[in-house]
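Colleague: Each protein sequence line maps, in turn, to chains A and B. Going by my numbering, the first residue of the first sequence is number 1, and it counts up by one from there. Going by my numbering, the first residue of the second sequence is number 1001, and it counts up by one from there. We treat Cβ as the ideally placed atom computed from N, Cα and C, and that holds for glycine. Pasting a structure here, questions to come.
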Amino acid sequence: MNKKVLRIYFPLFALPTLIAFIIGFLVPFGMGIYLSFCKFTTVNDAEWVGMRNFKDIFADKDFIHALWYTALFAVVSVITINVFGFAIAMLLTKGIRGTNIFRTVFFMPNLIGGIVLGYIWQLILNGILANFDKTLTYSATNGFWGMIILMNWQQIGYMMIIYIAGIQNVPGELLEAARIDGATNGQVLTKVILPMVMPSITICTFLTLTNSFKLFDQNLALTNGAPSNKSELLALNIYNTFYGRAGYEGVGQAKAVVFFFIVGAIAVAQLFFTHRKEVQQ
Amino acid sequence: MAVYRPTTLQKGDELPPEIAKLVKESARKKAGGDSSRKSPYSGLWSILLSLISVIYVIPIILVFVNSFKRKAYINKSPFTLPTEKTIVDPLFNNYTSGMEKIGFVSAFGNSLLITVGSVIVIILCTSMCGWYITRVNSVFSKCMYYLCVFSMIVPFQMVMFTLAKTADTLKLGNPIGIIVVYLGFGAGLAVFMFCGFAKSIPIEIEEAAMIDGCNPVQTYFQVVMPILKPTCISVAILEAMWIWNDYLLPSLVLDKTKYKTIPIAIQYLKGGFGSVDMGAMMAMLVLAIVPIIIFYLVCQKYIIEGVVSGAVKG
């Protein structure tokens, strides 16, 4: 390919995306980093205050609570979603009749948006809890399990699709060889199938982990942080700091920077660790 | 002395029963794929999967049923069918009043315009950009590539406030302007996927087109783009799922007094009127879900393939 000829066409091929990328990502990101060291209400009256915003974060009890609440939520939802998703994927690769219909049904909730999902489950869970004279917003624990159920319902199908693709890629000869060597079903699963689908496991844990950390819509619709911000996840906490408390925009931006580093660190660490467990085919 | 018998079988020959069984078995294995692994509990698993399917469908049916009850009875008894006492009169009252309250038709139009517009613009711009980055391969284009990868792990809350201000300054708070914002924030994933695929296109094909007298634009639209089509479909599905359901970005960027999308309209129903009108809420949830389900059932094959190939690349 003639690179020089192609370069002349830069304004047509790459410039539109580049400009939008600058407007939609680079400028806000750069400003965000800068503003986390400032006190401001709109962007124009920013005043440098150094590390004060970051000090304020750790004095904020709600934020610390949201941090632990989110971490716990992420751990529980990653485990449940992946275990159920993998189990259903195993069942659906057994050649049972109606596999296609089951797959269609299980995937469906993914296409429904977080806000809509939140209100659907609010109706159901409140209806069930009403039998015990409680509501979803009665305690943070109720909200926690409500969100776990909601996330499972939404995401199991998505992960199942990825696991099915992974399981179908396991060569039949390998399974046959294992059976001839006298492996039990459990051994085939743990010694052959699991190592071979490790790439899918990497992807699915990565997706579920980042999704749970970044969860916002479902949290907003289902509990909106009630009771008294105790069921608030990190993303909602940051949102409320920005738009719920006047004068705290700088702190909100500093929280967002901390949030970014947490999500980034988790993503990198998780990819690094699970990648090492993958086997070459 | 035994008579010599040819061992090759002719068509129509009777096979010894044990061999016939083996042949049948192997034919079944070939046709059924995994059926050799079929477990003896297959019936049991079917029942279990059917039960789980019911759990999956019930919430949606429940919302549908409740959308025909009077609002006072929805929270009290969400799990019963509407009776003569609890049913709304006229039957579609919840739907009409809800649509009026939140301006559902215009919200639907806005959602449709934003989603379709953004997806088309994203596909066109980022596929060109991804191909350009892969083929030019300079320091600058590599920087762009890594910035795109980097942008994928940045959570939206990080840029939320400043993005809203930037969009406001540039007057992007309308359904057309927000397309630029979506192109910018959605570019990371799309460029990443297109780069990954463009690398695997043999360069000889493009060189042949160039020798035949195509300029880069012709080469791109007549040779490269058709090859990129499967990736285009994956990217389109992933971005469309995100944009159609997105609440936070449009609620911050759009001028909310003039434009609403469906998620914003539904949230508005909750926040805008003090006590929530559950009847209207249920009806609007149904209206929000139905188009997606129809779309899903029609394009199911592409959606599932798109998710798989998107996940493998991502």
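For glutamate 1084 of chain B, which three-state DSSP category applies?
Modeller: Within the second sequence, the letter at position 84 stands for residue 1084 of chain B. Residue state, collapsed to three classes: coil.
Colleague: Give the residues of chain A in contact with cysteine 1232 of chain B, contact being defined as C-beta atoms less than 9 Å apart.
Modeller: Position 232 of the second sequence, counted from the start, is the residue given in the question as residue 1232 of chain B. In chain order: nothing, as chain A lies at least about 15 Å away.
Colleague: Just how far apart, CA to CA, sit valine 1253 of chain B and isoleucine 1243 of chain B?
Modeller: As a first step, residue 1253 of chain B is located in the second sequence; it is residue number 253 there, counting from the start. As a first step, residue 1243 of chain B is located in the second sequence; it is residue number 243 there, counting from the start. The straight-line gap from Cα to Cα measures roughly 13 Å.
Colleague: Rounded to whole angstroms, what's the CA-CA distance from asparagine 219 of chain A to leucine 234 of chain A? Just pull it up for me.
Modeller: Stepping through the first sequence from its first residue, residue 219 of chain A is reached at position 219. Stepping through the first sequence from its first residue, residue 234 of chain A is reached at position 234. Using only the alpha carbons, I get a separation of about 10 Å.
Colleague: Can you list, in chain order, the residues of the region 91-111 of chain A whose Cβ is nearer than 8 Å to any Cβ on chain B?
Modeller: Under the 8 Å Cβ criterion, the region 91-111 of chain A contributes Leu91, Leu92, Thr93, Lys94, Gly95, Ile96, Arg97, Gly98, Ile101, Phe102, Arg103, Thr104, Val105, Phe106, Phe107, Met108, Pro109, Asn110 and Leu111.
Colleague: Establish whether the CB of valine 1298 of chain B and some CB of chain A are separated by less than 8 Å.
Modeller: Start at 1 with the first residue of the second sequence, and residue 1298 of chain B comes out as number 298. No, valine 1298 of chain B does not count as interfacial toward chain A.
Colleague: With 16 as the cutoff for other CB atoms within 10 Å, does valine 5 of chain A come out buried or exposed?
Modeller: Position 5 of the first sequence, counted from the start, is the residue given in the question as residue 5 of chain A. Valine 5 of chain A should be labelled exposed.
Colleague: Determine whether the Cβ of proline 1090 of chain B lies closer than 8 Å to any Cβ atom of chain A.
Modeller: In the second sequence, the residue the question calls residue 1090 of chain B occupies position 90. No, proline 1090 of chain B does not count as interfacial toward chain A.
Colleague: Measuring alpha carbon to alpha carbon, tell me which residue in A:Trp48, A:Leu92 and A:Glu47 is nearest tryptophan 1045 of chain B.
Modeller: On the second sequence, residue 1045 of chain B is found 45 positions in, with the first residue counted as 1. The candidate whose alpha carbon is nearest that of tryptophan 1045 of chain B is A:Leu92.
Colleague: Is the CB-CB distance between phenylalanine 13 of chain A and tyrosine 1132 of chain B below 8 Å?
Modeller: Locating residue 13 of chain A in the first sequence gives position 13, where the first residue counts as 1. Locating residue 1132 of chain B in the second sequence gives position 132, where the first residue counts as 1. In this structure, tyrosine 1132 of chain B lies closer than 8 Å to phenylalanine 13 of chain A by Cβ.
Colleague: For the alpha helix (DSSP H) holding leucine 174 of chain A, just list the boundary residues, first then last.
Modeller: Here residue 174 of chain A refers to the residue found at position 174 when the first sequence is read from its first residue. Note, leucine 174 of chain A: alpha helix (DSSP H), 172-180.
Colleague: Can you name the residues of chain B whose CB is closer than 8 Å to the CB of phenylalanine 63 of chain A?
Modeller: Taking the first residue of the first sequence as 1, we reach residue 63 of chain A at position 63. In chain order: nothing, as chain B lies at least about 13 Å away.
Colleague: Quick check on glutamine 155 of chain A: buried or exposed, where buried means 16 or more other Cβ atoms within 10 Å of its Cβ?
Modeller: Locating residue 155 of chain A in the first sequence gives position 155, counting from the first residue. Burial call: buried.
Colleague: Taking the alpha-carbon of aspartate 62 of chain A as reference, which of A:Leu150, A:Val263, A:Phe10 and A:Ser228 has the nearest alpha-carbon?
Modeller: For the purposes of this step, residue 62 of chain A is taken as the residue at position 62 of the first sequence. It is A:Ser228.
Colleague: Taking a cut of 8 Å between CB atoms, which residues from the region 239-251 of chain A lie near chain B?
Modeller: Correct list: Tyr239, Phe242 and Glu249.
Colleague: Is the beta carbon of cysteine 1125 of chain B closer than 8 Å to that of threonine 17 of chain A?
Modeller: Indexing the first sequence from 1 puts residue 17 of chain A at position 17. Indexing the second sequence from 1 puts residue 1125 of chain B at position 125. Yes, these two residues count as a Cβ contact at 8 Å.
Colleague: The alpha helix (DSSP H) that contains lysine 1142 of chain B, what's its start and end?
Modeller: To locate residue 1142 of chain B, count along the second sequence from 1; it is residue 142. Counting along the chain, the alpha helix (DSSP H) containing lysine 1142 of chain B begins and ends at 1139-1153.
Colleague: Could you tell me whether any Cβ in chain A is nearer than 8 Å to the Cβ of arginine 1070 of chain B?
Modeller: Working through the second sequence from its first residue, we reach residue 1070 of chain B at position 70. Not closer than 8 Å to any Cβ of chain A, the Cβ of arginine 1070 of chain B fails to qualify, so no.
Colleague: Would you mind stating whether isoleucine 1087 of chain B and phenylalanine 1068 of chain B have Cβ atoms separated by less than 8 Å?
Modeller: To locate residue 1087 of chain B, count along the second sequence from 1; it is residue 87. To locate residue 1068 of chain B, count along the second sequence from 1; it is residue 68. Contact flag set, yes.
Colleague: Over the uninterrupted alpha helix (DSSP H) stretch that includes isoleucine 248 of chain A, give me the two end residues.
Modeller: Counted from its first residue, the first sequence places residue 248 of chain A at position 248. The displayed chain sequence assigns tyrosine, not isoleucine, to residue 248 of chain A. Taken as a continuous stretch (DSSP letters only), tyrosine 248 of chain A belongs to no alpha helix (DSSP H), as it is neither H nor E.
Colleague: Roughly how many angstroms lie between the CA atoms of tyrosine 163 of chain A and alanine 1167 of chain B, to the nearest whole one?
Modeller: As a working note, residue 163 of chain A is residue 163 in the first sequence. As a working note, residue 1167 of chain B is residue 167 in the second sequence. Between tyrosine 163 of chain A and alanine 1167 of chain B, the C-alpha separation is close to 39 Å.
Colleague: With distances taken from CA atoms, which of A:Leu207, A:Gly264 and A:Leu236 is nearest threonine 70 of chain A?
Modeller: For the purposes of this step, residue 70 of chain A is taken as the residue at position 70 of the first sequence. Answer by Cα proximity: A:Leu236.
Colleague: Can you list the residues of chain A that cysteine 1214 of chain B reaches, using a CB-CB cut of under 8 Å?
Modeller: Position 214 of the second sequence, counting from 1, holds the residue named residue 1214 of chain B. Near cysteine 1214 of chain B there are no residues of chain A at all, since even the closest Cβ is about 11 Å away, more than 8 Å.
Colleague: Does DSSP put lysine 61 of chain A in a helix, a strand or coil?
Modeller: Start at 1 with the first residue of the first sequence, and residue 61 of chain A comes out as number 61. Looking at lysine 61 of chain A - three-state DSSP - the assignment turns out to be helix.
Colleague: Apart from the five residues just before and just after threonine 99 of chain A, which ones in its own chain have a Cβ nearer than 7 Å to its Cβ?
Modeller: Within the first sequence, residue 99 of chain A is the residue found at index 99, counting from 1. Excluding residues within five positions, the ones whose Cβ falls inside 7 Å are Leu92.
Colleague: Is glycine 1033 of chain B close to chain A? Criterion is C-beta to C-beta, closer than 8 Å.
Modeller: Along the second sequence, one-based indexing puts residue 1033 of chain B at 33. With a pLDDT of 45 at glycine 1033 of chain B, under the threshold of 50, the modelled position of that residue is not reliable, and the figure given next carries that caveat. Yes, glycine 1033 of chain B lies at the interface with chain A (some Cβ there is under 8 Å from its Cβ).
Colleague: Straight-line CA distance for alanine 165 of chain A to valine 1308 of chain B?
Modeller: Indexing the first sequence from 1 puts residue 165 of chain A at position 165. Indexing the second sequence from 1 puts residue 1308 of chain B at position 308. Their Cα atoms are separated by approximately 7 Å.
Colleague: Can you tell which of B:Leu1062, B:Thr1096, B:Val1298 and B:Tyr1056 has the C-alpha that lies nearest to the C-alpha of asparagine 110 of chain A?
Modeller: Taking the first residue of the first sequence as position 1, residue 110 of chain A is located at position 110. When only C-alpha atoms are compared, the closest one is B:Tyr1056.
Colleague: Please say whether serine 1097 of chain B and isoleucine 1262 of chain B have beta carbons closer to each other than 8 Å?
Modeller: Here residue 1262 of chain B refers to the residue found at position 262 of the second sequence. Here residue 1097 of chain B refers to the residue found at position 97 of the second sequence. No, the Cβ-Cβ distance between isoleucine 1262 of chain B and serine 1097 of chain B is not below 8 Å.
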